[in-house]
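The structure under discussion appears below in the form of structure tokens.
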Amino acid sequence: MVHRLFAALALLVLGACASGTAWEQDRFAGLSSEEEFLIAQYGGVIETGPLAAHVREIGTRIAAQTRDAEADQWRFRLLNSGELNAFAVPGGTVYVTRGIATLANDEAELAAVIGHEIAHLAAGHSESFSARRQQAARDIENGWVAAGRISDPDRAAATAQDTLENALGGLAAYSRQQELEADRIGFDLMVRSGYDPRGQERLLTAMSDFASTRALSFGTSQMMEQVDFLASHPGTGTRQEEARRLASAAGNGAQERGDHLAAIDGVVWGETGENGFVRGGRWIHPSLDLSFLLPSGFLPYLGPGAVLAESETGAFVLFDVVPRDRGRAPQPYVIDLLAEIDPKLLTALPERPQTTTIGEARAAVIDMTLDFEGTLVDQQLYSIVLDDLVARFVIGAPRQDPGALDRLRAAVRSLSPIPAAQQADLAPRRIEVHTVRAGENVPSLAQRMKVEGAAEQYFRLINRLGPGQVLAPGMQVKLIVE
Numbered sequence: 021m022v023h024r025l026f027a028a029l030a031l032l033v034l035g036a037c038a039s040g041t042a043w044e045q046d047r048f049a050g051l052s053s054e055e056e057f058l059i060a061q062y063g064g065v066i067e068t069g070p071l072a073a074h075v076r077e078i079g080t081r082i083a084a085q086t087r088d089a090e091a092d093q094w095r096f097r098l099l100n101s102g103e104l105n106a107f108a109v110p111g112g113t114v115y116v117t118r119g120i121a122t123l124a125n126d127e128a129e130l131a132a133v134i135g136h137e138i139a140h141l142a143a144g145h146s147e148s149f150s151a152r153r154q155q156a157a158r159d160i161e162n163g164w165v166a167a168g169r170i171s172d173p174d175r176a177a178a179t180a181q182d183t184l185e186n187a188l189g190g191l192a193a194y195s196r197q198q199e200l201e202a203d204r205i206g207f208d209l210m211v212r213s214g215y216d217p218r219g220q221e222r223l224l225t226a227m228s229d230f231a232s233t234r235a236l237s238f239g240t241s242q243m244m245e246q247v248d249f250l251a252s253h254p255g256t257g258t259r260q261e262e263a264r265r266l267a268s269a270a271g272n273g274a275q276e277r278g279d280h281l282a283a284i285d286g287v288v289w290g291e292t293g294e295n296g297f298v299r300g301g302r303w304i305h306p307s308l309d310l311s312f313l314l315p316s317g318f319l320p321y322l323g324p325g326a327v328l329a330e331s332e333t334g335a336f337v338l339f340d341v342v343p344r345d346r347g348r349a350p351q352p353y354v355i356d357l358l359a360e361i362d363p364k365l366l367t368a369l370p371e372r373p374q375t376t377t378i379g380e381a382r383a384a385v386i387d388m389t390l391d392f393e394g395t396l397v398d399q400q401l402y403s404i405v406l407d408d409l410v411a412r413f414v415i416g417a418p419r420q421d422p423g424a425l426d427r428l429r430a431a432v433r434s435l436s437p438i439p440a441a442q443q444a445d446l447a448p449r450r451i452e453v454h455t456v457r458a459g460e461n462v463p464s465l466a467q468r469m470k471v472e473g474a475a476e477q478y479f480r481l482i483n484r485l486g487p488g489q490v491l492a493p494g495m496q497v498k499l500i501v502e
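So the sequence shown is residues 21 to 502, counted in the working numbering.
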């Protein structure tokens, strides 16, 4: 829906405007601006430690099977993000997130991801896709220039949306063709490297299950969660069926689970805290000492510089902070926010921003309704003046979701320092590799899990334990602990 595109656009704007705030990311010398941006979006590169070395070793092992003249120049890097993603960039670098590396339950599963991305390099997909992406960016820019010449805000928004959907739709279709080819090439490379051919199917299943479990833990449909790696790839079911078909004719290979578990033992699971945490239904940020309530049924995404939570209906809340200029009133900040998202919306303002208070803080709010192709979306923008920062919210809900805007207003009004009850829950969670002892079982070990949601379901998921499958003494399992 268009209001979701508005949320995505606002998130990009808020993230870009966060430079110089408490969420500022390091710069990376010697890289293209696009690659530098991607690295910053995923928390920076982890250069040292067992897991970074593990990723490099697997990548080098698989790259040797490509017979590509430049394969020995390719690099394999670990990104410090809990998101489940991996990608290859022009020039020969494969990036793997910490999130997908720790979800992998053995080396063969991680090799499936790395092999897929190596396949993109070997087939030249990165360069051709980059060219098409640049063309899509030019098309979008031209479309937004055209929209800028339209005086009516609703017609301008519709024109911009059509341009965006057409450009991204064509790009996605081309991408899916390449992804299916990379699956086949990557599978062959993984098997030739000696890995268990069933690793690909196991990881695809785990990623899909993780997306469903996470979504349900926040009270949303399993279809709401889109793992980055899966969202840009063909349907998971199709890929699992193809992986199963390929594996059935490929024989056996090594899982090498022990080496993999040793590499991820003690590694952070999920958020590091740089972008805050989700704890007990609240977003909390230790260094900012800020928190707010996440409405039930809203799935959160913590990005560098901004937080987005969205419901199945397209209702959303966006949040960021900017530095405060002493003596400046709240109203200019909220006008600045609207101008950053879309300057043309300034012409649609019915009146000056209203003043209010959030807790004891001075604030300003803009109320507006936008018509997205017949869907009326009520929106509010807030600026809340704190000691050294200004907190900014954008909330929106379609009219057909009655009550959503009230729940979002409650989230805004819940902004406060971190509650005392959660002050002790501010550390990142980590993977602990545990050897099962006599008398231990799934329920008893699941009680040690620190997760948002059904602990036993998460325990079975990360250890690939089916329903009813029991533990035996001596087994090694993963726990998520503090």
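Glycine is no exception: its CB is placed at the ideal position from the N, C-alpha and C atoms.
#### Entry: Rounded straight-line distance, which links the Cα of Arg-302 to that of Gln-467
Straight-line Cα distance between these residues: approximately 21 Å.
### Query
How big is the Cα-Cα spacing for Phe-339 and Thr-376?
Take the alpha-carbon of Phe-339 and the one of Thr-376: they are about 18 Å apart.
### Message
Quick check on DSSP: helix, strand or coil for Arg-87?
### Response
Note: Arg-87 maps to coil in three-state DSSP.
### Query
In terms of DSSP beta bridges, what is Asp-398 paired with?
Thr-389 and Ala-417.
### Message
Taking 6 Å as the limit between beta carbons, can you name the residues of its chain near Gln-85, skipping five residues before and five after?
### Response
Residues of the same chain with a CB within less than 6 Å of the CB of Gln-85, apart from the 5 flanking positions on each side, are Leu-209, Arg-212 and Ser-213 in chain order.
### Task
Could you tell me the boundaries of the alpha helix (DSSP H) in which Ile-438 lies?
Under the DSSP assignment, Ile-438 falls outside any alpha helix (DSSP H); it carries neither an H nor an E label.
### Query
Are there 16 or more other CB atoms within 10 angstroms of the CB of Phe-413, so buried, or fewer, so exposed?
Here Phe-413 is buried, its C-beta having at least 16 other C-beta atoms within 10 Å.
### Message
By the three-class DSSP mapping on this structure, what secondary structure does Glu-67 have?
### Response
In the structure shown, Glu-67 sits in coil (DSSP, three-state: anything other than H, G, I, E or B).
### Query
Does the segment 388-408 come close enough to the segment 312-320 to have 3 or more Cβ pairs within less than 8 Å?
The segment 388-408 is not in contact with the segment 312-320.
### Query
Tell me which same chain residues have a C-beta within less than 8 Å of the C-beta of Val-354, skipping the five on either side of it?
Spatial neighbours of Val-354 in its own chain (CB-CB distance under 8 Å, excluding positions within 5 residues in sequence) are listed in chain order as Pro-373, Ala-384, Val-385, Ile-386, Leu-401, Tyr-402, Ser-403 and Arg-412.
### Contact between the segment 233-241 and the segment 91-100 (3+ Cβ pairs under 8 Å)
The segment 233-241 vs the segment 91-100: no contact.
### Straight-line Cα distance separating Arg-480 from Val-109
When only Cα atoms are considered, Val-109 and Arg-480 end up about 34 Å apart.
### Query
Does the Cβ-Cβ distance between Ala-349 and Val-432 come in under 9 Å?
Note that the C-beta distance between Ala-349 and Val-432 is not below 9 Å.
### Task
Kindly indicate the opening and closing residues of the beta strand (DSSP E) around Phe-57.
Residue range 53-61 is occupied by the alpha helix (DSSP H) that includes Phe-57, with no beta strand (DSSP E) assigned at that position.
### Task
Below 7 Å CB to CB, which residues in the same chain sit around Leu-499 once its five sequence neighbours on both sides are set aside?
Here Leu-499 has Glu-452, His-454, Leu-465, Arg-468 and Met-469 as same chain residues with Cβ atoms under 7 Å from its own Cβ, once five neighbours each way along the sequence are excluded.
### Nearest-angstrom Cα separation, counted from Gly-347 out to Arg-382
So the two alpha carbons sit approximately 12 Å from each other.
### Query
If you check the beta carbons only, do Val-114 and Ala-124 fall under 9 Å apart?
No, Cβ-Cβ distance for Val-114 and Ala-124 is not below 9 Å.
### Task
Have a look at Leu-409 and Glu-360 and give me their C-alpha separation to the nearest angstrom.
Rounded to whole angstroms, Leu-409 to Glu-360 spans 18 Å at the Cα level.
#### Entry: Ala-269 versus Asp-279 - alpha carbon distance
The straight-line gap from Cα to Cα measures roughly 26 Å.
### Query
Quick one: what does DSSP say Asp-340 is sitting in, helix, strand or coil?
Residue state, collapsed to three classes: strand.
### Task
Could you check the C-alpha separation between Asp-229 and Arg-344 for me, to the nearest Å?
Computed Cα separation, rounded: 43 Å.
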